[in-house]
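The block underneath contains the structure these notes are about, expressed in structure tokens.
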Amino acid sequence: MSPTPSFDCQSSIHPSTHTISKLPFRRRPPLSPSLPPDCLRNIFASLSTDKRTLHACLLVNRIWCITAVEFLWSQPFRFLFTCHHQSCLCTCRARESQSAKLVDVYFICMIHDKINELADGGIVPHSVQKPMFPYNEYLRSLDLMELNQAVVDWLSFLDTQGLLLSWKLDDLSTHPMSPKAQIFEYNALLKYLMPTYGSDDILQIEDMAVTILSGYLTRASPLLRQLMIDNQNYTRGANEYRCSSLNHIYCDMFSVRKLLPTKGAHSLTVLTEFIATTKDNKTEVFYALSKVCRNLKRIVVNLDYPYRSYGVPISRQETESLWDQAQPLIVLIKNQLKLEDFEIHYCSVGAADIFDALKAQVNHLRKVCFVGISFSSWCSLKFLSDCSQLEVLRFELCEGLISATILDPLLSASFPNLNVLEFIASAVPEPILCDLLRKCSHTLKTVTVERALFYWVNPTRTATITVGEFCHSVRELNLSLWPFDRQQLVCIFSSCKHLVKVDISDANFEYDASRLMRKLSLIKLPNLRELIIRGMWSFGVNSLECFLKHSECSVEKLEFDGAVGIEEEHVRVVIGCLAKKLRNFRVTKNGLLKEEWIRRPKKHNYNNVKFE
């Protein structure tokens, strides 16, 4: 493949090459009546993460092509490294080829007004065409780690094609080129762009290319709203997976210091989201953003120690590095005009100071999440009691909530708008949890209580009892049950009429749920769409059939994780009662489904059901 990017859509279509000059759809009659561009854009917005559908829309007509290009180029690096299957068949060679096309397109956009000058100087071939679209102006989401990987792939592709000369910081005359050159002189091109987008102290070609490209995109992308350094797949959807061809590449094996320019990054002034889950040192990135960003509405950061082998002690330098990162992060938080969503992961140093900085945003915060935080006695959550607009509060994998008085400030708060309250694998005092549930019962729509450990509590006052008595508006419920809480499910299903999803985790003791199933069959559950039971429950076929028939539930997803004694007759009952409403049926561990059990149901128009 020529290093000059192809703009012919009749060849393979991918996120890096689009044109409308040679498309065959001119012969097709226009759609009648045609939808206005604004209406089309709203429709395409619902498909913004569906790469295949957007590619298909390129070939409908001219208006559809233009609109699809806008969305395909809103996050081209994410499309490049994302697949819809956890184990895809992509190869490194194909990925590198597409990365090369994508990077080439951005370089052509970068020099589009200087093509004649560069062609006369022998740096680019005269055959290079100006881009059909202003691709850089469509960029809305940029992951700097994906950009770095694209450049690495680009250089690897050029090297395998013999198109990359040795990198030397000497005069361009060292590599004489004919004015009628047929290939890019990439080294000369990077040297030409270095004064504008780079820095004179960068000596490596990879660092130079990454700095130039990130500098260009952060200056010339007026729609850029989301900036990420995400190595945890935090921003990927449910059916989006990091390409399997990247499995051998360690996500944090590069420095983020070179990725973000500290001056002239005009597009960063309009950023609304910043997500950094990498454990690499982000001090310079925080400083750069704190100087130019004032409109961030969402910040997600990880301040954990770098990766290390098991048993290796934490060094003083690593602790000082985290302190160095915490200081500019505090400035970044305070400088925002209206921060609404803040999420912090594994903050090993400086948590108290960061929480103190959040006091400046108490009138705006709507969502606060703590992940992997070890709360100490000097960490105060008093700022939460002043967050009158808070809608989502989540603690996940947190420690120190039981012994310390860290949650006491929540008891004096009102939280009139709280919709989501989640304690995931985080031990929390049951009385405080009950008080929070009762206080916010009228507004809560999602409640999650997944206990990290089971300890002694008063059996007359548990979260399960409180939900059944007060939280009648809840729609999604995820509960870890105490053994004496099981019968409270009847109260919950009776009082919570709007339940859509119920996820129950029980202790690891066998429990015959037949009587419970019969009691639940007396309750109408027309809104229930997902039912997940995690525990060693067993129930008779008749009890299960009675529940599924008489409760009038429309379950689309049914899961028994760890169920005991599931037989073929149970499967027949589930299929017979839920008919074509069921989309996913999963049984694991002791009640593993056997292929012969589901072979017959699959023959009777139940191929829409996913059996696991």
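Residue 317 in numbering that gives the first Met the number 0 sits at position 318 of the sequence shown, with consecutive numbering throughout. Backbone N, C-alpha and C define an ideal beta-carbon position, used for all residues, glycine too. Note that the coordinates shown come from a computational prediction; the quantities given were computed from them, not determined experimentally.
Problem set entry | Beta-carbon proximity list for SER165, same chain, < 6 Å, skipping 5 on both sides | For SER165, the pLDDT reaches just 42, beneath the cut-off of 50, and the residue's location in the model is therefore unreliable, although a value from the coordinates is still provided. Here the set comprises nothing.
Problem set entry | Three-way DSSP call (helix, strand, coil) for ASP505 in this model | Shown here, ASP505 sits in coil according to DSSP, grouped into three states, outside any helix or strand.
For this session: Measuring alpha carbon to alpha carbon, tell me which of ASP152, SER513 and GLU529 ends up nearest LYS556.
Result: Minimum Cα distance to LYS556 is reached at GLU529.
Exercise. Alpha helix (DSSP H) containing ARG61: first to last residue?
Worked result: 61-71
Problem set entry | Cα-Cα separation, PHE559 to PHE584 | 8 Å
Exercise. Who pairs with ILE274 in a beta bridge, going by DSSP?
Worked result: Residue pairing by DSSP places ILE274 opposite MET227 and VAL299 in a beta bridge.
Exercise. If you scan the segment 530-601 from start to end, which runs of the beta strand (DSSP E) of 3 or more residues do you find wholly inside it?
Worked result: 556-560 and 583-587
Exercise. Which residues in the same chain have their Cβ closer than 6 Å to the Cβ of ALA67, if we skip the five residues on either side of it in sequence?
Worked result: Within the same chain, and ignoring the five residues on either side of ALA67 in sequence, the residues whose Cβ sits closer than 6 Å to its Cβ are LEU53, CYS56 and LEU57.
For this session: Would you list, in sequence order, the uninterrupted alpha helix (DSSP H) runs of no fewer than 4 residues that lie entirely inside the segment 300-371?
Result: Whole alpha helix (DSSP H) segments, 4+ residues: 315-334 and 350-356.
For this session: Measure the beta-carbon distance from ALA275 to ILE228 and round it to whole angstroms, keeping in mind my assumption that it falls under 8 Å.
Result: 4 Å
For this session: Find out if the Cβ-Cβ distance for the pair VAL291, LEU328 is shorter than 7 Å.
Result: no
Exercise. How big is the Cα-Cα spacing for PHE70 and GLN225?
Worked result: When rounded, the distance between both Cα atoms is 14 Å.
Problem set entry | DSSP state of ILE423 mapped onto helix, strand, coil | strand
For this session: Just the C-alpha distance for ALA578 and LEU478, rounded to the nearest angstrom, thanks.
Result: Answer to the nearest angstrom: the Cα atoms are 28 Å apart.
For this session: Answer with buried or exposed for TRP322, where buried requires no fewer than 16 other C-beta atoms within 10 angstroms of its C-beta.
Result: exposed
Problem set entry | For ARG61, the nearest candidate out of ASP103, MET131 and VAL102 (CA to CA) | MET131
Exercise. Between the Cα of VAL554 and the Cα atoms of PRO430, SER220 and VAL573, which residue gives the shortest distance?
Worked result: VAL573
Problem set entry | Euclidean distance between Cα positions of TYR215 and THR587 | A straight line joining the alpha-carbon of TYR215 with that of THR587 spans about 51 Å.
Exercise. Roughly how many angstroms separate the alpha carbons of ASP142 and GLN324, rounded to a whole number?
Worked result: 20 Å
For this session: Pick helix, strand or coil for SER96, following the three-state DSSP scheme.
Result: helix
Problem set entry | Where the alpha helix (DSSP H) through ARG514 begins and ends | 513-519
Exercise. Name the DSSP bridge partner or partners of LEU383?
Worked result: Answer is none; LEU383 lacks a bridge partner.
Exercise. Per DSSP, which one or two residues make a beta bridge with SER244?
Worked result: DSSP, once it has assigned bridges, lists no residue as partnering SER244.
Exercise. Which residues mark the beginning and the end of the alpha helix (DSSP H) in which GLU116 is found?
Worked result: 114-119
Exercise. Which stretch, first to last residue, makes up the alpha helix (DSSP H) that contains PHE492?
Worked result: 487-494
Problem set entry | Cα-Cα separation between SER373 and ASN238, rounded to whole angstroms | 31 Å
Exercise. Between SER425, PRO75 and LEU188, which lies nearest to VAL123 when the distance is taken from Cα to Cα?
Worked result: Among SER425, PRO75 and LEU188, the Cα nearest to that of VAL123 is on LEU188.
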